[in-house]
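Numbering (my numbering), first residue to last: 1464 to 1542. Below: the structure, in structure tokens.
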Amino acid sequence: IKDEISEMSGRSVSYGTLYSYLDQLYRKNLVNKRSGDPSPERGGRRKIFYNVTKKGMAALKAAHELSNSVWTDATELLK
């Protein structure tokens, strides 16, 4: 996730920032999270897995539609 965000935004994203946003999304029920098994490669720490909920997909779709609408309206104004 971190690498994708950095690549898309052209900016470096810290793990602290990423986990802060993921926690906010989790508290709003936009994503679920679950813990994996601890592994020696991770120093015994568990890997956390996230997936988007139905509510999260609906919010993402609404944000995408709003963004498209704004760009369409802006394009029309510039003609």
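Each residue gets a CB set at the ideal place from its N, CA and C atoms; glycine is no exception. If you're wondering where the values come from, they're calculated on a predicted model, not measured in any experiment.
Practice problem: Please report how far the alpha carbon of A1537 lies from the alpha carbon of Y1489, in whole angstroms. | Solution: 33 Å
Quiz item: I1468 lies in the alpha helix (DSSP H); which residues open and close that run?
Solution: 1465-1472
Quiz item: In the DSSP assignment, what are the bridge partners of N1492?
Solution: For N1492, which the question treats as bridged, DSSP gives no partner whatsoever.
Quiz prompt | Inter-residue Cα distance where the pair is V1494 and A1521 | solution = 12 Å
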